[in-house]
Amino acid sequence: MALTFDGLAEVAMARDLLRRWWGLELGLTDAKGGGYDRTSHATCESVRGLHGAACAKELADLAVQFGKTKERAAVVKTCHAGMTIIAAPVLGITGVLGVVFATGAHATDPGAAEQGLIKTIGSTPDEAKTLVAATPMVSVDDQLRIRDLVNAAAAAVERALPIEIPTTAFSHPFNEIVGDAPAVRDVVKLLAKVVKSEATVLVHGESGTGKELIARAIHYHGPRAKKPFVVQNCSAFNDNLLESALFGHVRGAFTGAVKDQPGLFQVADGGTFFLDEIGDMSAALQVKLLRVLQEGVFTPVGGTKPVRVDVRIIAASHKDLAHMVQHKQFREDLFYRVNVLKITVPPLRERVSDIPRLAQHFVVKHWRGPTQPPRLSQSALARLVAYGWPGNIRELENEMERMLVLAGDATELTGSMVSTRVAGMVAPPPKTLRDAIAISEADAIVAALGRHLGERDGAAVDLGISRAYLDARCAALGLGTGG
Ligand SMILES: Nc1ncnc2c1ncn2[C@@H]1O[C@H](COP(=O)(O)OP(=O)(O)O)[C@@H](O)[C@H]1O
Ligand SMILES: [Mg+2]
1041 MALTFDGLAE VAMARDLLRR WWGLELGLTD AKGGGYDRTS HATCESVRGL HGAACAKELA
1101 DLAVQFGKTK ERAAVVKTCH AGMTIIAAPV LGITGVLGVV FATGAHATDP GAAEQGLIKT
1161 IGSTPDEAKT LVAATPMVSV DDQLRIRDLV NAAAAAVERA LPIEIPTTAF SHPFNEIVGD
1221 APAVRDVVKL LAKVVKSEAT VLVHGESGTG KELIARAIHY HGPRAKKPFV VQNCSAFNDN
1281 LLESALFGHV RGAFTGAVKD QPGLFQVADG GTFFLDEIGD MSAALQVKLL RVLQEGVFTP
1341 VGGTKPVRVD VRIIAASHKD LAHMVQHKQF REDLFYRVNV LKITVPPLRE RVSDIPRLAQ
1401 HFVVKHWRGP TQPPRLSQSA LARLVAYGWP GNIRELENEM ERMLVLAGDA TELTGSMVST
1461 RVAGMVAPPP KTLRDAIAIS EADAIVAALG RHLGERDGAA VDLGISRAYL DARCAALGLG
1521 TGG
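Next up, the structure:
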């Protein structure tokens, strides 16, 4: 992906203003500080002639800094030669692709700039004085305006970058399931086996990760595809309503039951029944469901005659059913019946590499216009990739629909169309092992101290360490000095 200023109106304007008002030059470099020869400011040129590697390093360091802080706005930096660089990042979906920068001024006092030049180019004090005199000193107000211009130029470069969604060598028959992150590949490989069997499947995953999509894929790619696929969410109704929805009722079973009403299990006969949020099913209904799974029969509400059905069951839950079994909130026998084949669907934050492809997929899916759907810009994608997506793929889908509405008939979805919620929340930076260990150690210590109302001797016994070691760890972890 080539970074370029070519043909960008905002860049031409920013460059022109920077030259005319302050005598500054606008430059563009890649994230390694390379390709920065667009700068032709006299002072920088003379520094660069001798210390090109140092100049490149200054810019590369800036790129690293932007990558760490995820800051988009231009920053002001004093370079190794005592000159000022005002720089903004060019962000792509993979991170910082480059840096746009204005150079040729000094913001610090002339003396410091002179010293910098003497040190770096080894110029005589007189030469340094001349060079510094040839560069403007920009006030804080000026810096604000310069930063705006640099930001505008960086944004223009970002927008001009085409988004490239890498083609995938991973092909599978489940076209409706978009993505090829490693975690998704595992799921799809498992699906290929699952569809051939008739076994009960448990789909586990956070809300919005695609559990229902996977259940549908199992049904429509399997031998029951031509038979019904029926969905019921077990947390949607109260117990009585759910029971009669699932199993039906006979006439007179309760007030209002004026005729026999078949339940969804009968509707699903021969096909697949997707029981969503099975963890929310009451104990009484769990018993009835167990019977369907064991014997293939159930009794409608108020009825006496058992009804026989042939239904494949796919159950889903965002809760950890094994954990619920341990806490007696879910029947153990039903759990083993349901958990024959388990598919764990990863949250979107564990398949970040799929975000561009998914975003693109939803643009096409929800585009209603007569023309081509709008293009997704790098700046929009950079924001989408940086977000944590607690609502997973459903949230991403909603975001893309919202952006399409905002875009109207624009040909491009830009970063500014991304909602503030998504653009504002950046995924927490990955933790190092050392940080992760420190955090869980601190958690354990705080919990033990809590149990002992801050009394350290007791906490130390709980933790299986000496009191002295506990004091030392508390000090190291910044947990204060205890009693
Ligand atoms: N891998 C995927 N590819 C394309 N669309 C997906 C994918 N995963 C989920 N979706 C879409 O995201 C939305 C939410 O998925 P859904 O299956 O309802 O999630 P869940 O049942 O886990 O809450 C649906 O519109 C679904 O089509
Ligand atoms: Mg769902």
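Residue numbers for the sequence shown follow this note's numbering, so the first one is 1041 and each next one is one higher. Quick reminder that beta carbons are idealized off the backbone N, C-alpha and C, glycines included.
The DSSP assignment places 1279 to 1287, 1304 to 1307 and 1323 to 1335 as complete runs of the alpha helix (DSSP H) inside the segment 1262 to 1342, in order along the chain (cut-off: 4 residues). Contact between V1227 and P1268 is ruled out by a C-beta separation of about 24 Å, above the 8 Å threshold. In the DSSP assignment, S1419 falls within the unbroken alpha helix (DSSP H) covering Q1418 to A1426. In summary, R1060 is exposed, with fewer than 16 beta-carbon neighbours lying within 10 Å of its beta-carbon over all protein chains present. The alpha-carbon of Q1418 is positioned some 38 Å away from that of L1157. Using a Cβ distance threshold of 9 Å, L1048 and A1193 count as a contacting pair. Counting the other CB atoms within 10 Å of its CB gives A1512 a total below 16, which places it among the exposed residues.
Assignment of K1382 by DSSP, reduced to helix, strand and coil, places it in the strand class. Distance from the CA of K1236 to the CA of R1264, rounded to the nearest whole angstrom, comes to 10 Å. No Cβ-Cβ contact shorter than 9 Å links R1389 with I1205. Distances between the C-beta of A1355 and the heavy atoms of ligand 2 are all 8 Å or more. Closest in alpha carbon position to T1312, among A1096, D1166, I1254 and N1280, is I1254. Between the segment 1315 to 1326 and the segment 1272 to 1292 there are three or more inter-stretch CB-CB distances shorter than 8 Å, so the stretches are counted as touching. The C-alpha of H1401 lies about 16 Å from the C-alpha of P1202. Residues of the same chain with a CB within less than 6 Å of the CB of F1370, apart from the 5 flanking positions on each side, are L1361 and M1364 in chain order. Secondary structure note for E1437: its alpha helix (DSSP H) is the uninterrupted segment N1432 to A1447. The shortest C-alpha to C-alpha distance from L1304 to any of V1298, V1347, Q1334 and G1296 is the one to V1347. Residue burial annotation: A1093 is exposed, with fewer than 16 other C-beta atoms found within 10 angstroms of its C-beta. For S1456, the distance from the CB to the nearest heavy atom of ligand 2 is not below 8 Å. Inclusion of D1394 in the 8 Å shell around ligand 1 follows from its C-beta lying nearer than that to a non-hydrogen atom of the ligand.
At least one heavy atom of ligand 1 falls within 8 Å of the beta-carbon of E1246. Boundaries for G1494: no beta strand (DSSP E) harbours it, and the DSSP string shows neither H nor E there.
Rounded to whole angstroms, the Cβ separation of E1065 and G1144 is 5 Å, and the two are in contact under 8 Å. DSSP places E1390 within a helical segment (H, G or I) once states are collapsed to three.
The DSSP-derived three-state label of K1117 is strand.
By DSSP's assignment, V1136 forms a beta bridge with L1131.
Excluding its 5 nearest sequence neighbours in each direction, V1224 has C-beta neighbours in its own chain below 8 Å: I1217, P1386, R1391 and D1394, listed in chain order. Ranked by Cα distance from P1414, the first of R1423, T1208 and V1403 is V1403. The Cβ neighbour count for E1495, taken over all protein chains shown within 10 Å, is under 16; the residue is labelled exposed.
Using a cutoff of 8 Å, the CB of D1316 counts as near ligand 2, since one of the ligand's heavy atoms is closer than that.
Not one heavy atom of ligand 2 sits closer than 8 Å to the Cβ of E1204.
Under DSSP, R1059 shares a beta bridge with no residue. Comparing alpha-carbon positions, the option among V1332, P1340 and H1358 lying closest to V1349 turns out to be V1332.
Boundaries of the beta strand (DSSP E) harbouring T1069: E1065 to D1070, taken from the DSSP string.
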